[in-house]
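Chains as they are written, first to last, in the numbering used here: chain A, 626 to 765; chain B, 626 to 765; chain C, 7 to 130; chain D, 7 to 130.
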Amino acid sequence: MRMAHVVKHHFETNAIAMRMVRKEAGAAARAVGATEYDAGRVELAVCEAIANAHVHAYDGDPGPIVLEITYEPGRFSVAVHDDGPRTGPPFEPKFPEPPDPKVGNGFGLQIIKRVMDYASLEHYGANGHGTTVRMGIWLK
Amino acid sequence: MRMAHVVKHHFETNAIAMRMVRKEAGAAARAVGATEYDAGRVELAVCEAIANAHVHAYDGDPGPIVLEITYEPGRFSVAVHDDGPRTGPPFEPKFPEPPDPKVGNGFGLQIIKRVMDYASLEHYGANGHGTTVRMGIWLK
Amino acid sequence: MEYTSIPPYFQISSEEIPYAAVLRVAGEVDVGSAPSLKERLMGLIVEDSPGTIVVDFQSVTFLDMSGVRVLEVCHRRAAQQGLRFILVGSAPLVHKILVIVELDKRMPLVETMGEALEMLGRAG
Amino acid sequence: MEYTSIPPYFQISSEEIPYAAVLRVAGEVDVGSAPSLKERLMGLIVEDSPGTIVVDFQSVTFLDMSGVRVLEVCHRRAAQQGLRFILVGSAPLVHKILVIVELDKRMPLVETMGEALEMLGRAG
Ligand SMILES: Nc1ncnc2c1ncn2[C@@H]1O[C@H](COP(=O)(O)OP(=O)(O)O)[C@@H](O)[C@H]1O
Ligand SMILES: Nc1ncnc2c1ncn2[C@@H]1O[C@H](COP(=O)(O)OP(=O)(O)O)[C@@H](O)[C@H]1O
């Protein structure tokens, strides 16, 4: 049996909670054997995923996030769920490839994709079902 | 207005989740300015509170915990809620004073009380309502 | 979105050297500290600036997109004023994000202050 | 409750010196690593042990009640066999928990290996 060990984090998108949670994700990764560099990758990707939720799902206002950390032997994964956008058009549920340096779009997701060992995006439309970013790293 | 910044952690009492959460609590404290020593105090107290829930609320089996971290300017606090004991007698909702070195009882709570700047205990009887330990440190 | 109530986790200092202004940055550049970085950097991009702005990132331990955006906008402003930007240092992960967003294609990225000074010498 | 699947965050090594067995412990002693500490400590408390067991905690970064309980039970077993226990070192917070549980009243707690060796000299 492969045991999964899960910690779910519920918080609102305010600057200090976002900082605490980013650091917590790094600490959780270190706690199960991630190197400093790998914990840094997790912190950066978590930071960008939460920032996206803050900006795109909640227009920069506080809104609820559930960040789920899962440890299984050999891998450490994170899912970031938001509940938006409350308004605005649905977006393509994929990582922009290539990002558009002119409008500056697409780099947040690009960073997530490039620093993590795997990442995916689910979007459930504009009717309040929200967006989930799933990502993870392999642990040696 | 004094803003409170809250992160709620939901997990089960298994060894790895308990380790991750203890480290997360320390990281959250550091993220808002706690010294290494103060973050260590938080880690130790969280460790003992979760261990108590694991042993006394759930008889050493996995059971649900909600650990709530709150940052407010000048203070960092933690509440640990469990949902037990499912069986067994209700216990006195207070910190044993003095602890009993012969039976080895009371040192977990004693440590919490002595390493944190404040701590309190609420117990809601043996009918499944559970126990809450609240504690915190002052930040300079 | 600045964190007004938590202790600073970001330090910044500046110095003038021949042909350049040097901005030394240490700690974490994130959404909470990026505004201070922007303010200090913009403060160096003024009429009577020396020809080059050296941003020393050797002691930066974290950089996110909000920090990258500050570098981008300040670099653009500097270019408009005919000033050159050199970015020094950067830990492996900081370097990685700079490469991902292709900042390395838009401004010189060197590893040490020595290399930056050498570039100044060549220009000056 | 041992963590079988995560990398070790706890190191232990032992050495015999005149009149004593020394156990050097490093890293975190918690519910996951306390069983290994117990096994190694109990392994030193045997018939032909030298008179003293020196437990060097100078590199222990975390100690919780499960670790304290191991020290207590091993100390009791050692006493039954006429062996002495000396605990060396300990970071401020590790020291604090030892004082709270009053282990400092039940076994000598010294700060350096030098002090421990001095005690051995006196006993030996
Ligand atoms: N959590 C989210 N909720 C809604 N839309 C999102 C979310 N994350 C990303 N997006 C959409 O994907 C696009 C690309 O995101 P990203 O790569 O982070 O670049 P940027 O944030 O700079 O636009 C965004 O512009 C936005 O439309
Ligand atoms: N979360 C909890 N649920 C139920 N009972 C608890 C809980 N925490 C503490 N207790 C009770 O308080 C007593 C003292 O706890 P503690 O100081 O940790 O010492 P110990 O765990 O060694 O008994 C326990 O023996 C137990 O009866």
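In this text, a Cβ means the ideal position worked out from N, Cα and C, and glycines have one as well.
Distance, residue j Cα to residue i Cα
i: residue 762/B; j: residue 741/B; result: 6 Å
i: residue 743/B; j: residue 759/B; result: 8 Å
i: residue 55/C; j: residue 87/C; result: 9 Å
i: residue 628/B; j: residue 647/B; result: 24 Å
i: residue 685/A; j: residue 11/C; result: 19 Å
i: residue 126/D; j: residue 699/B; result: 48 Å
i: residue 15/C; j: residue 34/C; result: 6 Å
i: residue 29/D; j: residue 97/C; result: 38 Å
i: residue 654/B; j: residue 663/B; result: 8 Å
i: residue 757/A; j: residue 633/B; result: 19 Å
i: residue 32/C; j: residue 122/D; result: 42 Å
i: residue 24/D; j: residue 40/D; result: 27 Å
i: residue 707/A; j: residue 745/A; result: 14 Å
i: residue 652/A; j: residue 694/A; result: 11 Å
i: residue 130/C; j: residue 57/C; result: Below a pLDDT of 50, predicted positions are generally treated as unreliable, and residue 130/C, at 47, falls in that range; the measurement from the model is reported next regardless. If you take the alpha carbons of residue 130/C and residue 57/C, they lie about 9 Å apart.
i: residue 53/D; j: residue 111/D; result: 26 Å
i: residue 649/B; j: residue 17/C; result: 25 Å
i: residue 687/A; j: residue 630/B; result: 11 Å
i: residue 660/B; j: residue 764/B; result: 9 Å
i: residue 61/C; j: residue 19/C; result: 10 Å
i: residue 786/B; j: residue 703/B; result: The displayed coordinates of chain B run from 626 to 765. Any statement about residue 786/B would go beyond what the structure contains.
i: residue 128/C; j: residue 669/B; result: 56 Å
i: residue 697/A; j: residue 120/C; result: 45 Å
i: residue 644/B; j: residue 44/D; result: 19 Å
i: residue 46/C; j: residue 21/C; result: 12 Å
i: residue 69/C; j: residue 118/C; result: 18 Å
i: residue 42/D; j: residue 675/B; result: 21 Å
i: residue 114/C; j: residue 13/D; result: 40 Å
i: residue 689/A; j: residue 80/D; result: 49 Å
i: residue 705/B; j: residue 124/D; result: 45 Å
i: residue 767/B; j: residue 683/A; result: As displayed, chain B neither begins before 626 nor continues past 765, which places residue 767/B out of reach and without an answer.
Cβ-Cβ distance between residue i and residue j below 8 Å
i: residue 677/A; j: residue 733/A; result: yes
i: residue 710/A; j: residue 681/A; result: yes
i: residue 116/D; j: residue 92/D; result: yes
i: residue 671/A; j: residue 701/A; result: no
i: residue 48/C; j: residue 83/C; result: yes
i: residue 37/D; j: residue 642/B; result: no
i: residue 59/C; j: residue 27/C; result: yes
i: residue 109/D; j: residue 666/B; result: no
i: residue 63/C; j: residue 107/C; result: no
i: residue 767/B; j: residue 748/B; result: Chain B is shown from 626 up to 765; residue 767/B falls before or after that span and cannot be answered.
i: residue 592/B; j: residue 736/B; result: Because residue 592/B is not part of the residues shown, which for chain B are 626 to 765, the question remains open.
i: residue 51/C; j: residue 89/C; result: yes
Near ligand 1: residue i beta-carbon under 7 Å from a heavy atom
i: residue 744/A; result: no
i: residue 710/A; result: yes
i: residue 638/A; result: no
i: residue 671/A; result: no
i: residue 688/A; result: no
i: residue 120/C; result: no
i: residue 681/A; result: yes
i: residue 732/A; result: yes
i: residue 67/C; result: no
i: residue 757/B; result: no
Residue i beta carbon near ligand 2 (any heavy atom closer than 7 Å)
i: residue 685/B; result: no
i: residue 707/B; result: yes
i: residue 73/D; result: no
i: residue 678/B; result: yes
i: residue 735/B; result: yes
So, does the region 101-114 of chain D touch the region 60-77 of chain D, judging by three or more C-beta pairs under 8 Å? Counting Cβ pairs under 8 Å, three or more are found: they touch.
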